[in-house]
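Contents: one structure, followed by commentary.
Number of protein chains: 2
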Amino acid sequence: MEINKILANNFLIWDKLTSEEKTKITNAAVIKRFVAGEAIHHGSYDCSGLIILISGSLRAYMMNESGKQITLYRLFEKDICLFSASCVMKDITFDIYVDCEKDATVVLIPINQYKEIVDNSRTILDYTNRILTSRFSDIMWIFEQMAFHSLDKRLAYYLIEQSYNEGTNTLNFTHEKIANDLGTAREVISRMLKYFELEKIVELKRNKIIILDEKKLSEISEK
Amino acid sequence: MEINKILANNFLIWDKLTSEEKTKITNAAVIKRFVAGEAIHHGSYDCSGLIILISGSLRAYMMNESGKQITLYRLFEKDICLFSASCVMKDITFDIYVDCEKDATVVLIPINQYKEIVDNSRTILDYTNRILTSRFSDIMWIFEQMAFHSLDKRLAYYLIEQSYNEGTNTLNFTHEKIANDLGTAREVISRMLKYFELEKIVELKRNKIIILDEKKLSEISEK
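Chains as they are written, first to last, in the numbering used here: chain B, 1 to 223; chain A, 224 to 446.
Right under this line is the structure:
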């Protein structure tokens with residue numbers, strides 16, 4: 001497919017751009033492929049450009065010196081990876097890592113061309129700002145639950161304990177029940193369970209939670 | 224003092240603005256005073272506008288249902304309080320609270336006028352974006368240290384233990400020594416101690432750490 005058609009299908013604000021902006025982006029854009037496990041962005045050291053995901057998935061995470069990781073969010077089809085263009089944003093002093101999780105095809109707008117485009121397009125700047133605050137909102141949610149409520153820890157401990165009590169790795173629990181037991185809201189439990197599921201710690205079925213990785217669960221519960 | 228002089232002295236990008244932008248801001252700006260303890264911004268419910276701090280200090284924090292707080296950062300003279308204008312930033316889904324910590328005088332640009340100004344001024348938009356990423360960098364640092372390394376907890380436990388061992392509330396320790404004992408970098412310890420100092424948990428003097436609030440320290444260590 002031609003690159004401007006790919007952009008029209010995957011870059012969500014394409015219709016809002018002027019034809020001059022469209023031409024600039026089309027001329028700058030290159031298709032890239034990543035294989036699962038490949039590093040896409042590693043801390044503040046590299047700055048390849050803006051990435052628009054066409055297929056596959058990417059995972060953004062923090063990592064400490066000993067290699068321990070916390071997943072911050074995941075990106076799927078039509079999502080934008082902003083941190084690979086983070087050198088455009090001044091005053092960012094923290095490092096986020098982005099890896100390819102499932103084989104991915106992306107459109108890359110290389111950093112120099114992206115800089116020039118964003119400097120001259122209020123539409124693109126406003127859009128990337130919205131993405132930035134939305135990513136930060138995801139991160140703040142994790143922060144709040146982990147640092148504040150220790151919800152990851154409490155939920156992990158709860159799942160281990162209940163699975164031990166019931167003598168099975170499959171818990172026939174509603175999210176509502178867990179929320180009541182842990183004194184929080186159903187939405188919060190659902191979101192944290194979803195986080196565990198994406199981390200391959202549990203599998204979620206209707207009113208069922210299947211524990212897949214007891215070791216990881218007990219590591220979290222002992223944090 | 225006239226308000227445009229106050230703005231010239233305290234709004235750090237004043238010189239970069241066009242005279243039209245200066246006039247708009249001067250006409251919109253109002254002086255406000257807050258007393259210590261007063262709420263300035265409470266979650267996503269209010270949106271008074273952009274605040275430029277002239278004197279005093281403000282504290283930004285997260286709070287859970289039971290009233291437990293985590294300080295995220297503090298604002299001083301010439302700093303900008305962006306979260307009181309956060310309704311301008313779409314896709315922010317988390318709540319930050321801002322209180323006055325020391326009696327403060329501020330310039331407020333009310334939200335409707337601020338919206339109009341930022342919509343038409345790339346200079347102001349770029350500046351507020353830089354502030355936003357800088358605040359988020361502060362928050363990410365706290366997140367990393369708390370959720371990842373449990374550094375607040377480990378440092379609190381360390382200070383209690385050492386003060387017990389030495390039989391005194393005044394520890395003649397360098398930050399370097401503590402960093403070595405806890406297996407981290409001196410800069411990280413200095414910054415966390417500074418955080419404790421602003422929270423009035425310790426007082427820092429040259430190569431001396433005075434424990435002021437043992438109760439708070441032991442709460443942190445038992446988190």
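Glycine residues also receive a C-beta, built at the ideal position from the N, C-alpha and C atoms.
Delimiting residues of the alpha helix (DSSP H) encompassing residue i
i: Val411(A); result: Arg409 to Leu421
i: Ile131(B); result: Arg122 to Phe143
i: Glu21(B); result: Ser19 to Ala28
i: Ile6(B); result: Ile3 to Asn10
i: Leu435(A); result: No alpha helix (DSSP H) contains Leu435(A), which DSSP labels as neither H nor E.
Cut-off 6 Å between Cβ atoms - residues of its own chain near residue i, not counting five sequence neighbours on either side
i: Arg256(A); result: Thr328
i: Ser121(B); result: Glu21
i: Ser309(A); result: Ile315
i: Met232(B); result: Outside the displayed range of chain B (1 to 223) lies residue 232(B), so it cannot be described from this structure.
i: Cys47(B); result: Cys87 and Ile111
Own chain, CB closer than 7 Å to residue i, minus 5 neighbours either side, in chain order
i: Ile443(A); result: Asp375, Lys376 and Ala379
i: Leu12(B); result: Lys78
i: Leu355(A); result: Leu305
i: Lys423(A); result: Leu435 and Asp436
i: Ser413(A); result: His398
i: Glu203(B); result: Glu197, Ile210 and Leu212
i: Leu125(B); result: Val118
i: Ile6(B); result: Ile54 and Val107
i: Lys102(B); result: Ala36, Gly56 and Ser57
i: Tyr350(A); result: Ile236
i: Leu17(B); result: Thr123
Backbone CA spacing between residue i and residue j [nearest angstrom]
i: Tyr296(A); j: Asp361(A); result: 7 Å
i: Ile383(A); j: Glu197(B); result: 39 Å
i: Glu38(B); j: Glu176(B); result: 38 Å
i: Ser218(B); j: Asn233(A); result: 52 Å
i: Ile277(A); j: Ile254(A); result: 9 Å
i: Lys439(A); j: Thr316(A); result: 30 Å
i: Met146(B); j: His372(A); result: 12 Å
i: Asn172(B); j: Gln162(B); result: 10 Å
i: Ile226(A); j: Lys313(A); result: 30 Å
i: Phe366(A); j: Ser19(B); result: 42 Å
i: Asn392(A); j: Lys223(B); result: 29 Å
i: Ile51(B); j: His41(B); result: 10 Å
i: Lys417(A); j: Lys428(A); result: 11 Å
i: Gly390(A); j: Arg135(B); result: 47 Å
i: Ala231(A); j: Met224(A); result: 11 Å
i: Ile249(B); j: Gly290(A); result: Missing from the structure shown is residue 249(B); chain B here goes from 1 to 223 and no further.
i: Asp238(A); j: Asp15(B); result: 37 Å
Unbroken beta strand (DSSP E) run spanning residue i, endpoints
i: Gln292(A); result: Gln292 to Leu298
i: Met285(A); result: Gly272 to Met286
i: Ile396(A); result: The question names Ile, yet the displayed sequence has Phe at residue 396(A). Element bounds for Phe396(A): n/a, residue is neither H nor E.
i: Leu427(A); result: Val425 to Lys428
i: Asp152(B); result: Per DSSP, Asp152(B) belongs to no beta strand (DSSP E); it is in the alpha helix (DSSP H), Leu151 to Glu166.
i: Thr227(B); result: Residue coverage of chain B in this structure runs from 1 to 223, which leaves residue 227(B) outside it and unanswerable.
i: Ile263(A); result: Ala262 to His265
Buried/exposed call for residue i, threshold 16 Cβ in 10 Å
i: Tyr387(A); result: exposed
i: Asn64(B); result: exposed
i: Asn207(B); result: exposed
i: Val107(B); result: buried
i: Val35(B); result: exposed
i: Ser84(B); result: buried
i: Asn352(A); result: buried
i: Gly272(A); result: buried
Residues of its chain near residue i, where Cβ-Cβ distance is below 8 Å and the 5 sequence neighbours each way are ignored
i: Tyr381(A); result: Ile401, Asp404 and Leu405
i: Trp141(B); result: Arg191
i: Val188(B); result: Gln145, Leu151 and Ala179
i: Gly266(A); result: Asp318, Ile319 and Tyr320
Closer than 7 Å at the beta carbon, the chain C residues around residue i
i: Arg130(B); result: The chain inventory of the structure shown lacks chain C, comprising the protein chains B and A.
> Any chance the segment 18–26 of chain B sits against the segment 59–78 of chain B, with 3 or more Cβ pairs inside 8 Å?
Replying inline: no
>> Count Cβ pairs between the segment 90–104 of chain B and the segment 43–59 of chain B that sit closer than 8 Å; are there 3 or more?
In response: yes
> Hey, is the segment 390–407 of chain A in contact with the segment 331–340 of chain A, meaning 3+ C-beta pairs nearer than 8 Å?
Replying inline: no
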